[in-house]
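If you're matching them up, the sequences are chains A and B in order.
According to this note's numbering, the first sequence holds residues 1 to 346 in order.
According to this note's numbering, the second sequence holds residues 1001 to 1351 in order.
No residue lacks a Cβ here, since even glycine has one placed at the ideal position from N, Cα and C.
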Amino acid sequence: MTADLVVVEDLQVHFPIRTGALLGRTTGAVRAVDGVSLSIRKGETLGLVGESGSGKTTTGRALLRLVEPTGGRVTFDGVDVLALRGEELRKLRRRMQMVFQDPYSSLNPRRNVANLVGEPLRVHGIASGRALDTRVTELLDLVGLPRNAGARYPHEFSGGQRQRIGLARAVALDPDLVVADEPVSALDVSIQAQILNLLGDLQQRLDLTYLFIAHDLAVVRHVADRIAVMYLGTIVELATAPALVGRPLHPYSRALLSAVPIPDPRVEAVRERIILRGDIPSPAAPPPGCRFHTRCPFRQATRCDTEIPALREVRPGHTVACHWAEEIEAGRIRPAQPAAALAADG
Amino acid sequence: MSSAAWTAWEGADPVRPPAGPLLSVRDLQVRFVTRDRTVHAVNGVSFDLDAGQTLGLVGESGSGKSVTSLALLGLLPRRTAQIPAGEVRFADEDLLHAPESRLRQVRGNDVAMVFQDPMTSLNPVLTVGRQLTETLRTHLAMDKQQARDAAADLLDRVGIPDPRRRLREYPHQFSGGMRQRVMIAMAIACRPRVLIADEPTTALDVTIQAQILELLRGLVETERMGLLLITHDLGVVAGVCERTAVMYAGRIVETGPTADLFARPRHPYTLGLLRSVPRLDAGSDLPLAPIPGSPRDLTDAPSACAFAPRCAYATDESRERLPVLTPVDGDRDHLVACWNPVSDAQRVSSA
Ligand SMILES: Nc1ncnc2c1ncn2[C@@H]1O[C@H](COP(=O)(O)OP(=O)(O)OP(=O)(O)O)[C@@H](O)[C@H]1O
Ligand SMILES: Nc1ncnc2c1ncn2[C@@H]1O[C@H](COP(=O)(O)OP(=O)(O)O)[C@@H](O)[C@H]1O
Ligand code: SF4
Ligand SMILES: [Mg+2]
Ligand SMILES: [Mg+2]
């Protein structure tokens, strides 16, 4: 059993909703992250999946304190991250880095690549002059960019290459944790695999721990050791990747898995599809009780809409937040209506 | 769903099958010419689509999928786009040379289109009901009351709850998935015989994508529409389309029945795509095999195989001569444009 590098307990990030002429009055809150608990083990990749707006990015940013949590605890290597101020926080930040989804907007277009990759080293006063140049060259090699890339500008590179630049920046300070927020979502399919393989390489060579955020479950399944599923600001299920994909326990995880297209017509022709009704509710007004109850095909008359299900361990290492997980798995509770009858009955 | 309006709508002109394929595209070429450069976006694309058929057009960004579909309907920007060659026929009528007035009729009645971003095609200052009823009244000559009833029916058909109330709302009051449903409702309002859907679910979450794909599958079945589904997602094609065409650098490089094309990809690019996407149902121990390099820019007309610089199977011939779609092992249904198509033995040994 490896040690935890990051422990998150009951994390909350609520953004105030301001209205009125001067936007001065707070009339409510977007509960972007609303009670997230998880741990990331040293050297592992924890995948965080969920649909847009479920709070993945905000969770990642809150860990690094790029956004201030409004509640909860974050411990990094034994240190209480939320208590740190000033220089201490700056020091800790060197050990946690972020890679962003959009390789186009996350790089300053007016700086050349050597400058961009060397920036973290300069800012933290780690290297300058000749030593800086050497380190930048090393980093370019590491992420598979040609050495002459240093003198060129971001716009001269393709999306995949820009993501390599972003990675070189992220690993420049030799961090322990990298939060990769949708690092391949903006890339073409043929390029995604290049970057996924590079992420794997870097992890091995540099002993990195990853929080890998993505909406694409197939990608997450491929890279993650364990997977946490988010819905409306909370974690609904967390398990090893094979267990989560092979024996999902939460009704939302099941629906999500059944909705991921599989590039194989033989599989697509016979697989079970759970078509959820309706849309994800607004995180400004999450449903009471189980947040998924408005769309859940297994919803029961009791508890579901009144009582918030706790995240509990149902099997070793497999936690789920559903009142009826065991009954559903055993087949004692069946879905109300398997598939939404849409146009088919026209 | 048997209101009076619906019956009136059902009565709108009967569908007579044409002699040839419903939609036929031959050797279509499109280029964009501006002062400083020329982009050869589509370089000889051919395909057929029949009633009740689903054809998936897959390819990476910039491969020419959208330009192809816009060209079919005369929607390319007139100032920069040129169509130096090709033929587009709908029910045996030449569309490439049809006047704009006729094209407008075709777009309204026969060949409808759904785009990736519904907000760009919905008018933000008009209610959804107003936009739907106007389409119905213009194209199907309905009166106000008929149109309103038919519009509510349409929303109901695309799975929007409480349609009468929803008709009074504006597009921004709908979620992304709902807006896409509204777009589909508008597109099918006049019972088109062909629906072109360009990345209709790319901007949506997977559970919402599943809803929309289910809707499209149902519509093809009940309406016997031809569906041209454009996507970069091989999984979407595998779940929806009977036939698949793979595009690269403005050309179709492989086409055939979806089952066959996925089971026995013959073009190295198709094989490469299939091997580079992670599969949810495969173990993570299976390494991904990325396609090296990046797509070619389109400043020159192709004179060789555009995939050659990235291809492990390339020979001198690939670098010198343009391959055309040719039957695979005499199978006239499965075509590949490659000088060295991947054999079964090669596919197995390279895995
Ligand atoms: N109006 C235009 N002017 C100039 N070039 C254009 C124009 N529209 C498209 N192109 C170019 O034509 C090529 C094909 O573009 P197209 O939009 O058809 O690609 P696509 O396959 O639909 O890609 P995506 O998956 O990104 O939607 C690209 O190189 C593109 O930059
Ligand atoms: N700075 C902010 N101010 C207000 N609301 C925000 C802010 N950042 C994110 N949100 C909201 O918080 C919710 C979760 O967002 P996010 O963490 O970006 O989700 P995800 O990454 O899962 O798509 C969304 O409803 C989003 O609109
Ligand atoms: S608690 Fe109830 S509503 Fe929530 S997921 Fe479980 S069965 Fe569904
Ligand atoms: Mg995000
Ligand atoms: Mg496009």
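Could you say if the region 1306 to 1316 of chain B and the region 1285 to 1294 of chain B meet the contact criterion of at least three C-beta pairs nearer than 8 Å?
-> yes
Is DSSP giving L249 (chain A) helix, strand or coil here?
-> One-based indexing of the first sequence puts residue 249 (chain A) at position 249. Coil at L249 (chain A), not helix or strand.
Nonlocal neighbours in the same chain, by C-beta distance under 8 Å from V1236 (chain B), ignoring five residues either side | On the second sequence, position 236 is the one that residue 1236 (chain B) refers to. Taken in chain order, the residues that qualify are G1056, T1201, Q1209, L1213, L1229.
When the Cα atoms are used, what is the spatial distance from S52 (chain A) to D1205 (chain B)?
-> Residue mapping note: residue 52 (chain A) aligns to position 52 of the first sequence, counting from 1. Residue mapping note: residue 1205 (chain B) aligns to position 205 of the second sequence, counting from 1. When rounded, the distance between both Cα atoms is 7 Å.
DSSP on Y1248 (chain B), reduced to helix/strand/coil?
-> Counting from one through the second sequence, the residue named residue 1248 (chain B) turns up at place 248. The answer is strand: DSSP assigns Y1248 (chain B) an E or B state.
Short Cβ contact (8 Å threshold) for A1189 (chain B) with L1136 (chain B) = One-based indexing of the second sequence puts residue 1189 (chain B) at position 189. One-based indexing of the second sequence puts residue 1136 (chain B) at position 136. The answer is yes: Cβ separation under 8 Å.
For the beta strand (DSSP E) containing V1125 (chain B), list its first residue and its last residue.
-> Position 125 of the second sequence, counted from the start, is the residue given in the question as residue 1125 (chain B). Here V1125 (chain B) belongs to no beta strand (DSSP E), and DSSP marks it neither H nor E.
Separation of A1263 (chain B) from T1315 (chain B), as counted between CA atoms = Counting from one through the second sequence, the residue named residue 1315 (chain B) turns up at place 315. Counting from one through the second sequence, the residue named residue 1263 (chain B) turns up at place 263. So the two alpha carbons sit approximately 25 Å from each other.
Using beta-carbon positions only, say whether P309 (chain A) and R31 (chain A) come within less than 8 Å of one another.
-> The residue you call residue 309 (chain A) lines up with position 309 of the first sequence. The residue you call residue 31 (chain A) lines up with position 31 of the first sequence. The answer is no: Cβ separation not under 8 Å.
Spatial neighbours of L393 (chain A) in its chain, beta-carbon cut-off 8 Å, leaving aside the 5 residues before and after = Since the displayed chain A opens at 1 and closes at 346, residue 393 (chain A) lies outside it and no answer follows.
What did DSSP end up calling Q300 (chain A) once you bin it into helix, strand or coil?
-> The residue given as residue 300 (chain A) occupies position 300 in the first sequence. Here Q300 (chain A) sits in coil by DSSP.
Determine the chain B residues that contact A354 (chain A) at a beta-carbon separation under 9 Å, and present them in chain order.
-> Absent from the model: residue 354 (chain A). The displayed extent of chain A is 1 to 346, so no value can be given.
Along the beta strand (DSSP E) that carries V6 (chain A), what are the first and last residues, could you check?
-> Position 6 of the first sequence, counted from the start, is the residue given in the question as residue 6 (chain A). Run containing V6 (chain A): 4 to 19, per the beta strand (DSSP E) assignment.
Measure how close the beta-carbons of N112 (chain A) and A151 (chain A) come, nearest whole angstrom, since I'm counting them as under 8 Å.
-> Taking the first residue of the first sequence as position 1, residue 112 (chain A) is located at position 112. Taking the first residue of the first sequence as position 1, residue 151 (chain A) is located at position 151. At roughly 6 Å, the Cβ-Cβ gap stays under 8 Å, so N112 (chain A) and A151 (chain A) are in contact.
Helix or strand or just coil, what does DSSP make of I1196 (chain B)?
-> Taking the first residue of the second sequence as position 1, residue 1196 (chain B) is located at position 196. Here I1196 (chain B) sits in strand by DSSP.
Do we get a CB-CB distance below 8 Å when we pair D1117 (chain B) with the residues of chain A?
-> Residue numbering aside, residue 1117 (chain B) sits at position 117 when the second sequence is read from its first letter. Cβ-Cβ to chain A under 8 Å: no for D1117 (chain B).
How about R247 (chain A) and L46 (chain A): do their beta carbons lie closer than 8 Å?
-> As a position in the first sequence, residue 247 (chain A) is number 247, starting the count at 1. As a position in the first sequence, residue 46 (chain A) is number 46, starting the count at 1. Against a cut-off of 8 Å, the Cβ pair of L46 (chain A) and R247 (chain A) comes out as no contact.
Could you tell me whether any Cβ in chain A is nearer than 8 Å to the Cβ of T1326 (chain B)?
-> Residue numbering aside, residue 1326 (chain B) sits at position 326 when the second sequence is read from its first letter. By this cut-off, T1326 (chain B) is not an interface position.
In chain order, what residues of the region 1247 to 1270 of chain B put their CB closer than 8 Å to some CB of chain A?
-> T1258, A1259, F1262, A1263
Three-state secondary structure assigned by DSSP to R85 (chain A) = On the first sequence, residue 85 (chain A) is found 85 positions in, with the first residue counted as 1. Of the three classes helix, strand and coil, the one that applies to R85 (chain A) here is coil, per DSSP.
Thinking C-beta only, is R162 (chain A) closer than 8 Å to P103 (chain A)?
-> Your numbering for residue 103 (chain A) matches position 103 in the first sequence. Your numbering for residue 162 (chain A) matches position 162 in the first sequence. Going by C-beta atoms, P103 (chain A) is nearer than 8 Å to R162 (chain A).
Starting from the beta carbon of H1232 (chain B), find every residue of chain A whose beta carbon is closer than 9 Å, and list them in chain order.
-> Residue 1232 (chain B) sits at position 232 when you count from the first residue of the second sequence. In chain order: D188, V189.
Heavy atom of ligand 2 within 7 Å of T58 (chain A) beta-carbon = Walking along the first sequence from the start, residue 58 (chain A) turns up at place 58. Yes - ligand 2 has a heavy atom lying nearer than 7 Å to the Cβ of T58 (chain A).
Below 6 Å CB to CB, which residues in the same chain sit around L1095 (chain B) once its five sequence neighbours on both sides are set aside?
-> The residue labelled residue 1095 (chain B) in the question sits at position 95 within the second sequence. Correct list, in chain order: V1088.
Exposure of G1064 (chain B), with buried meaning 16 or more beta-carbon neighbours within 10 Å | Here residue 1064 (chain B) refers to the residue found at position 64 of the second sequence. The residue is buried, with at least 16 neighbouring Cβ atoms inside 10 Å.
With a cut-off of 6 Å, give the chain-ordered residues whose Cβ is closer than this to any heavy atom of ligand 1.
-> B:F1032, B:V1039, B:A1041, B:G1059, B:S1061, B:G1062, B:S1063, B:G1064, B:K1065, B:S1066, B:V1067, B:P1077, B:T1080, B:H1232, B:L1298
Are the C-beta of Q101 (chain A) and some C-beta of chain E separated by less than 8 Å?
-> The structure shown contains no chain E; its protein chains are A and B.
Identify every residue that forms a DSSP beta bridge with E1254 (chain B).
-> Here residue 1254 (chain B) refers to the residue found at position 254 of the second sequence. According to DSSP, which records beta bridges pairwise, E1254 (chain B) is partnered with B:V1246, B:V1336.
Would you call K56 (chain A) buried or exposed, if buried means 16 or more other Cβ atoms sit within 10 Å of its Cβ?
-> As a position in the first sequence, residue 56 (chain A) is number 56, starting the count at 1. Its Cβ being crowded by 16 or more others within 10 Å, K56 (chain A) is buried.
Buried or exposed: which applies to Q1180 (chain B), given that a residue is buried once 16 or more other Cβ atoms fall within 10 Å of its Cβ?
-> In the second sequence, counting from the first residue as 1, residue 1180 (chain B) sits at position 180. When all chains shown are included, Q1180 (chain B) counts as buried.
Taking DSSP as the reference, what is the three-state secondary structure of T1202 (chain B)?
-> The residue given as residue 1202 (chain B) occupies position 202 in the second sequence. Correct three-state label for T1202 (chain B): coil.
Taking contact to mean at least 3 C-beta pairs separated by less than 8 Å, is the region 276 to 293 of chain A in contact with the region 227 to 237 of chain A?
-> yes
Reference E313 (chain A), options A:C322, A:P146, A:E307, closest by Cα | In the first sequence, the residue the question calls residue 313 (chain A) occupies position 313. It is A:C322 whose Cα lies nearest to the Cα of E313 (chain A).
What is the DSSP secondary structure of P335 (chain A), counted as helix, strand or coil?
-> Numbered from its first residue, the first sequence carries residue 335 (chain A) at position 335. The answer is coil: DSSP assigns P335 (chain A) none of H, G, I, E or B.
Close Cβ partners of Q1116 (chain B) (< 8 Å) along its chain, the five nearest in sequence each way excluded = Translated into positions along the second sequence, residue 1116 (chain B) becomes position 116. Cβ within range, chain order: D1198, E1199, P1200, T1202, A1203.
According to DSSP, is R291 (chain A) helix, strand or coil?
-> To locate residue 291 (chain A), count along the first sequence from 1; it is residue 291. Coil at R291 (chain A), not helix or strand.
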